[in-house]
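In this text, residue positions in the sequence shown follow the UniProt record's numbering: the first is 1, and each later residue adds one.
We put the beta carbon where it would ideally sit given N, CA and C, even for glycine.
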Amino acid sequence: MNLIFQTQNTAQLSLSLISSVSLSFFIWTDQPRKRSTFSHRKIDRSTSLSHRTNRPRRIESFSSNSYLRSDVDKQFLAAPVKSAVDKFQLLPEFLKVRGLVKQHLDSFNYFVRTEIKKIVRANDLITSRVDPTIYLRYKDVWIGEPSMTIDGVTEKLSPHKCRLSDITYAAPIYVNIEYITGSHGQKTPPVAKNNVIIGRMPIMLRSCCCVLHGKDGAELARLGECPLDPGGYFIIKGTEKVILIQEQLSKNRIIIDTDKKGVQASVMSSTEATKSKTVIKMEKEKIYLYLNQFANKVPIMVVMKAMGMESDQEVVQMLGRDPRFGALLLPSIEECASNDVYTQHQALEFLEKKKWPCTESRIESNRIVNQKKELAEPLGLTYLTHIISKYIYFNKIVRKSPFSNSSFEKEGKALGILRDVFIANIPVRQNNFRAKCIYVAVMLRRMMEAILNKDAMDDKSKKSERLLYPSIINVPSSQEQDDTTVTLVC
């Protein structure tokens with residue numbers, strides 16, 4: 001019995017030694033091997049020919065084993081780090097490679113190099129409302145070096161100098177423009193101007209526009225900066241502005257949720273040219289569209305007909321084959337018929353009446369126009385009253401700039417709103433609204449599915465429904481509560 005017991009202990013000890021040796025082998029397999037490890041076996045030169053024929057086979061076998069070990073290493077590296085000690089050992093290495101503000105620097109660099117050019121390209125043309133042939137066009141835009149001009153003398157700025165002088169670390173925004181002017185009905189040839197300053201923008205430290213970008217430790221010390229400072233913040237009026245993360249709902253994505261009135265489908269459209277929020281909601285078994293450009297809610301079938309979808313049957317077919325979808329849409333179809341809207345022209349006329357909200361400025365302007373009428377009509381000055389009412393309308397209610405896009409005036413504001421503001425993320429080419437009609441049908445179908453099945457609702461708190469946007473905001477201290485907040489979403 002003692003012999004058997006000792007034999008079992010010896011076997012267990014051998015197994016533990018073998019496992020420990022194999023474990024140490026796997027730990028050190030990623031170490032570089034010396035050339036001597038390949039020649040640990042003696043080669044008989046007398047059988048050189050046969051041995052050379054077997055050489056590639058042995059090399060191939062060794063390569064396959066190395067591939068196997070590399071796969072094991074990958075699985076070992078992909079395993080989650082569970083212990084707190086290992087995590088703290090990985091943290092310094094992560095900070096060396098990535099840092100804490102690299103995502104903010106990359107975001108700002110992308111905005112300066114790419115996004116600002118897209119924004120200007122989307123709004124490059126400004127035309128006169130009086131004469132559309134008079135225009136101003138932006139050709140290019142870029143950010144210069146951080147500098148400041150005082151009494152006609154331009155001086156370069158550094159972050160250290162801005163901190164000491166209580167000034168903003170900013171750079172000028174340059175553009176190349178082309179414009180045409182006219183006087184007394186005569187048009188002048190296009191005039192081009194380059195390097196025109198249209199404003200200034202704060203610069204993030206250590207970004208591609210900063211003077212500290214690419215500097216080594218000696219140069220940073222000469223500029224009065226710490227080599228260990230990662231940057232990623234702004235200097236506004238001599239004060240450093242920190243960076244926070246803003247969590248927002250995903251753009252250009254349909255969200256199905258509920259409010260006090262019922263189920264609704266909403267989408268936050270965002271493009272380089274405009275941003276808008278579209279809400280389609282069911283109230284008292286009828287479906288309406290909510291858009292800021294319209295004074296009141298608009299029946300959804302009127303909107304579909306205004307976009308050229310005049311057939312009610314085609315709208316129902318877009319929703320799907322489920323007969324319950326058609327039953328939910330039937331009250332909206334009846335409401336559209338009760339408003340005598342059957343064609344696209346009738347739908348646009350219906351929307352024209354709901355364009356502008358009835359605000360206090362409109363009420364005040366109507367009061368002024370009525371007073372002018374009481375004074376002018378007894379004197380026969382009807383035309384003068386008409387001119388005054390037009391002036392008050394355009395300057396007090398609409399507040400149009402003398403330079404604006406004249407496309408709305410040509411085709412009707414309702415059609416222009418549906419094309420450029422309503423679900424702006426879906427482009428319209430040559431007044432073909434079919435893509436937008438399909439998108440609205442998708443919104444309606446998802447909303448109806450949520451009405452029939454509550455599990456189809458979207459959860460706004462889910463991470464997939466939200467995005468993190470790097471934003472530069474001012475967090476004032478107790479001494480500077482009245483300072484201006486600077487917000488820039490990249």
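Three-way DSSP call (helix, strand, coil) for residue i in this model
| i | result |
| --- | --- |
| Asn109 | helix |
| Ile116 | helix |
| Leu157 | coil |
| Pro146 | coil |
| Glu178 | strand |
| Arg121 | helix |
| Asp86 | helix |
| Pro299 | strand |
| Ile451 | helix |
| Gln332 | Correcting the residue identity first, residue 332 is Ser in this sequence and not Gln. Helix. |
| Met457 | coil |
| Thr47 | Since pLDDT at Thr47 reaches only 43, below the 50 mark, its modelled position is unreliable, and no value is offered. |
Counterpart residues of residue i in DSSP-defined beta bridges
| i | result |
| --- | --- |
| Val442 | Answer by DSSP bridge pairing: none, since Val442 is not bridged. |
| Lys281 | Gln264 and Tyr288 |
| Lys275 | Ser270 |
| Asp140 | Asn176 |
| Ala171 | Met201 |
| Thr343 | Paired residues: none, contrary to the question. |
| Asn432 | Arg429 |
Cβ distance (whole Å) where residue i is taken to contact residue j below 8 Å
| i | j | result |
| --- | --- | --- |
| Val120 | Tyr135 | Contact doesn't hold; Cβ gap of about 15 Å is too wide. |
| Leu351 | Ala414 | 4 Å |
| Pro299 | Tyr288 | 6 Å |
| Ala171 | Pro132 | So it is not a contact: roughly 35 Å between Cβ atoms. |
| Ala78 | Thr274 | The pair is not a contact, with the Cβ atoms about 44 Å apart (cut-off 8 Å). |
| Met443 | Ala265 | 4 Å |
| Glu225 | His160 | 6 Å |
| Val267 | Thr278 | 5 Å |
| Met318 | Ala441 | 4 Å |
Cβ neighbours of residue i in the same chain (closer than 7 Å, five flanking residues each side left out)
| i | result |
| --- | --- |
| Asp166 | Lys237 and Gly238 |
| Ile198 | Ile173 and Val175 |
| Ile150 | none |
| Glu283 | Lys261 and Gly262 |
| Leu157 | Pro146, Ser147, Met148 and Tyr169 |
| Arg324 | Leu452 |
Neighbourhood of residue i by C-beta distance below 8 Å, restricted to the same chain and skipping five residues each side
| i | result |
| --- | --- |
| Leu105 | Met204, Arg206, Ser207, Gly231 and Gly232 |
| Ala221 | Pro227 |
| Leu346 | Position check: residue 346 holds Gln in this sequence, whereas Leu was assumed. These residues qualify, in order along the chain: Lys305 and Asp340. |
| Val191 | Glu178, Tyr179, Ile180 and Thr181 |
| Arg446 | Ile254, Ile256, Ala265 and Ala456 |
| Leu348 | Ala306, Gly412, Ala414 and Leu415 |
| Gly99 | Pro230 |
The ligand FAD heavy atom lying under 6 Å from the CB of residue i
| i | result |
| --- | --- |
| Arg129 | The ligand FAD is absent from the structure shown, which contains no ligand whatsoever. |
Neighbourhood of residue i by C-beta distance below 6 Å, restricted to the same chain and skipping five residues each side
| i | result |
| --- | --- |
| Ile333 | Met301 and Asp312 |
| Phe433 | Met307 and Gly308 |
| Trp142 | Tyr174 |
| Ile451 | Val263 |
| Val81 | Lys87 |
| Cys210 | Ile203 |
| Ile417 | Gln293 |
Taking only runs that begin and end inside the segment 187 to 270, name each unbroken beta strand (DSSP E) of 3 or more residues, in chain order. Taking only runs of at least 3 residues, the beta strand (DSSP E) segments lying wholly in the segment 187 to 270 are 191 to 202, 234 to 236, 239 to 241, 243 to 249, 254 to 258 and 263 to 270.
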